[in-house]
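Residues 1 to 397 in our numbering are what the sequence shown spells out, letter by letter.
Shown next, in structure tokens, is the structure this report addresses.
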Amino acid sequence: MKIKVAFLILFVLTFVFSFAIVSATMITKPASATLKIVVKSLDNYPVPNAQIIVSYKLANKTITHGPYYTLLNGTSTIQLPLNASVTASLNVSFRGVLVAKENKTLIPNTTQNFVIVSNIVNVTYAVKSPFGGLFTSSEIEFQGEPNTSVSSVKVTLATPNGSVLLPVGVYNVSAFHGPLFFTKLFFFNLSNKNVNIIAPLLTLYYKVLSVNHETINAQNVAILSGNSLLSYQSGSEGSFSSLLPGYYEVIAYANGLTNETTISLGKNETINLILPIGYTVQLLLTDFSGSPLKSYTTILSGPINESATTLPNGIAIFKNLPLGTYTLKIYKNSTLIYVTTITVDSSGEQVINLPIVGQNGETITQLFGNFRYTFGVVLLLFAALILTRTRLRKESP
1 MKIKVAFLIL
11 FVLTFVFSFA
21 IVSATMITKP
31 ASATLKIVVK
41 SLDNYPVPNA
51 QIIVSYKLAN
61 KTITHGPYYT
71 LLNGTSTIQL
81 PLNASVTASL
91 NVSFRGVLVA
101 KENKTLIPNT
111 TQNFVIVSNI
121 VNVTYAVKSP
131 FGGLFTSSEI
141 EFQGEPNTSV
151 SSVKVTLATP
161 NGSVLLPVGV
171 YNVSAFHGPL
181 FFTKLFFFNL
191 SNKNVNIIAP
201 LLTLYYKVLS
211 VNHETINAQN
221 VAILSGNSLL
231 SYQSGSEGSF
241 SSLLPGYYEV
251 IAYANGLTNE
261 TTISLGKNET
271 INLILPIGYT
281 VQLLLTDFSG
291 SPLKSYTTIL
301 SGPINESATT
311 LPNGIAIFKN
321 LPLGTYTLKI
331 YKNSTLIYVT
341 TITVDSSGEQ
351 VINLPIVGQN
361 GETITQLFGN
371 FRYTFGVVLL
381 LFAALILTRT
391 RLRKESP
């Protein structure tokens, strides 16, 4: 009898404990609604990274949930705490633009599926070369037109072809190959969502001028793309045609003077190639052993007169020297030690070897004079020594 009572008491306790757990669970777990949302474009493409905000009124209070974002397949699963049925507003934004707003009835403790078609289209594009095929290394940019619903949208794509999801609206479409070479307004919607751009062939016109804007007959004018020579010609003016948009280097050479200009070519252009006023010449002074001579004064006299002092590396620098022949005079401590003639017809370095200068800056005349003096003193000392020895021998018995 005692065993039966014990089993009965255990059964009652187990039932009560289980009921308490279930009751507690039912009390602590709130009701909720699960939403499975698919966002699609007008042309039925899934829209990834769309923003969803759910809002509704409950007891005269506005409740907002989100933002939630769609996955690559355009889906988003949202779970909301909900105790009663409500009419909610599902607001969908993409690239900062509101593209859909739908009212749905949400029911607690259910899973509901919604497909939202947004005001978005899939725009396809291609940037092509005039010689055929795609224009490699080109970029395209879609910028929403100011003061419109899509003004905040800006998308740049670094491939010459592809597609992009855009909210319906007016866009300024630009193409670049380094510089900008194409721009045009497009209105994208379900019936207009393709862009085809063909890069133009451009012409670069040039004139070769002096700093005084006088025409100069250049021996050579060359145009390069990267390190590749495309074409060259001569004369004071001309043009290079059939050029694709991009960056080019134009080099003009006349009478030893050079102008190197980098041009950003996105449309037909005319440039002036201004040659410098003169040449830059570095005179390297060395002695008979090839060692540099510093602190020497060098003076050039010719079409213009200029002076410079050699640096510790033995170099004297002259800039903006006109073409011509110059007399070069070299001074050491205000003493003229060397005179020669040089021709300036290009920029660069000229080595002036001074064979008549010693390592300490003495001229050969100075060196020879010092030698004669030293040699004379030695001879006198030697003669005195012989005379002294002769006298000593005579005086000895």
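Glycine included, C-beta positions come from ideal geometry on N, C-alpha and C.
If you're wondering where the values come from, they're calculated on a predicted model, not measured in any experiment.
If contacts are defined as beta-carbon pairs under 8 Å, then residue i and residue j qualify, I think. What distance do you get, rounded to the angstrom?
i           : j           : result
residue 354 : residue 338 : 5 Å
residue 139 : residue 156 : 6 Å
residue 174 : residue 187 : Rounded, the Cβ-Cβ distance is 16 Å, inconsistent with contact.
residue 199 : residue 130 : 6 Å
residue 406 : residue 161 : Because the chain here runs from 1 to 397, residue 406 falls outside it and cannot be looked at.
Roughly how many angstroms lie between the CA atoms of residue i and residue j, to the nearest whole one?
i           : j           : result
residue 323 : residue 134 : 49 Å
residue 43  : residue 158 : 24 Å
residue 66  : residue 168 : 24 Å
residue 328 : residue 217 : 30 Å
residue 170 : residue 45  : 20 Å
residue 107 : residue 176 : 52 Å
residue 346 : residue 148 : 60 Å
residue 116 : residue 101 : 9 Å
residue 64  : residue 80  : 10 Å
residue 287 : residue 334 : 18 Å
residue 112 : residue 121 : 26 Å
residue 340 : residue 206 : 40 Å
residue 136 : residue 281 : 44 Å
residue 234 : residue 244 : 22 Å
Measuring alpha carbon to alpha carbon, tell me which residue in the options is nearest residue i.
i           : options              : result
residue 73  : 350, 48, 67 and 299  : 48
residue 229 : 248, 242 and 239     : 248
residue 58  : 68, 39 and 87        : 87
residue 103 : 52, 70, 109 and 94   : 52
residue 30  : 61, 69 and 110       : 110
residue 295 : 341, 284 and 197     : 284
residue 310 : 301, 82, 297 and 321 : 297
residue 154 : 172, 160 and 161     : 172
residue 56  : 90, 258, 245 and 76  : 90
residue 204 : 246, 269 and 197     : 269
By the three-class DSSP mapping on this structure, what secondary structure does residue i have?
i           : result
residue 128 : strand
residue 163 : strand
residue 330 : strand
residue 314 : coil
residue 94  : strand
residue 195 : strand
residue 116 : strand
residue 377 : For residue 377, the pLDDT reaches just 43, beneath the cut-off of 50, and the residue's location in the model is therefore unreliable, leaving the point undetermined.
residue 145 : coil
residue 84  : coil
residue 266 : coil
residue 183 : strand
residue 177 : coil
residue 158 : coil
residue 102 : strand
residue 69  : strand
residue 296 : coil
residue 216 : coil
Any heavy atom of the ligand HEM closer than 7 Å to the Cβ of residue i?
i           : result
residue 107 : With respect to the ligand HEM, the structure offers nothing, as it holds no ligand at all.
Do the stretch 249 to 263 and the stretch 210 to 226 make contact, defined as three or more Cβ pairs closer than 8 Å? Verdict: yes, contact present.
Pairs of beta-carbons, one from the stretch 206 to 215 and one from the stretch 136 to 150, closer than 8 Å: are there three or more? no
Could you say if the stretch 255 to 266 and the stretch 301 to 317 meet the contact criterion of at least three C-beta pairs nearer than 8 Å? no
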